[in-house]
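Working notes, structure below.
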Amino acid sequence: MKLIGVTSCPSGVAHTYMAAEALETAAKAKGWDVKIETQGAIGIENVLTAADVEGADVVVLTKDIAIKQEERFNGKKIVRVTVAQAAKQAPEIIAKLESMLAQA
Numbered sequence: 001m002k003l004i005g006v007t008s009c010p011s012g013v014a015h016t017y018m019a020a021e022a023l024e025t026a027a028k029a030k031g032w033d034v035k036i037e038t039q040g041a042i043g044i045e046n047v048l049t050a051a052d053v054e055g056a057d058v059v060v061l062t063k064d065i066a067i068k069q070e071e072r073f074n075g076k077k078i079v080r081v082t083v084a085q086a087a088k089q090a091p092e093i094i095a096k097l098e099s100m101l102a103q104a
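With the first letter of the sequence shown counted as 1, position 78 gets the number 78 in the UniProt record's numbering; the numbers rise by one all the way through.
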């Protein structure tokens, strides 16, 4: 499985990066390929390429604030979570995604 995502929070500081790290760690623990873009106070980092988007099985987006360039994910399976959920419940999110994708 390949997971991509974008994390962002209203202040664009710690929670943005904590959420990205938690999702990456949880996905890698399941053996998934993962790349998470952060949209924080210092701008967009770890930018998702068109190839990243094309190859993704699922996209996780945080929903606390608008994600920049969200239209690039049109046609993809998108799951929206809060930045707090991503930071604190990443293993549970990955388990739900795994179940969702297995049923598809």
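By construction, the Cβ of each residue, glycine as well, lies at the ideal position given by its N, Cα and C atoms.
Own chain, CB closer than 8 Å to residue i, minus 5 neighbours either side, in chain order
{"i": "aspartate 57", "result": "Met1, Lys2, Leu3, Lys77 and Leu101"}
{"i": "lysine 28", "result": "Val34"}
Pair within 8 Å by beta-carbon distance, residue i and residue j
{"i": "valine 83", "j": "threonine 62", "result": "yes"}
{"i": "isoleucine 93", "j": "glutamine 85", "result": "yes"}
{"i": "isoleucine 36", "j": "alanine 20", "result": "yes"}
{"i": "isoleucine 67", "j": "glutamine 39", "result": "yes"}
{"i": "alanine 22", "j": "alanine 87", "result": "yes"}
Cβ separation of residue i and residue j, assumed to be a contact under 8 Å, to the nearest whole Å
{"i": "isoleucine 65", "j": "proline 10", "result": "5 Å"}
{"i": "valine 60", "j": "valine 79", "result": "5 Å"}
{"i": "glutamate 24", "j": "valine 13", "result": "Contact doesn't hold; Cβ gap of about 18 Å is too wide."}
Enclosing beta strand (DSSP E) for residue i [first to last residue]
{"i": "residue 107", "result": "Residue coverage of the chain in this structure runs from 1 to 104, which leaves residue 107 outside it and unanswerable."}
{"i": "isoleucine 78", "result": "78-81"}
Own chain, CB closer than 7 Å to residue i, minus 5 neighbours either side, in chain order
{"i": "phenylalanine 73", "result": "Val53 and Val59"}
{"i": "lysine 30", "result": "Ile94 and Glu98"}
Boundaries (first-last residue) of the alpha helix (DSSP H) holding residue i
{"i": "glycine 55", "result": "50-55"}
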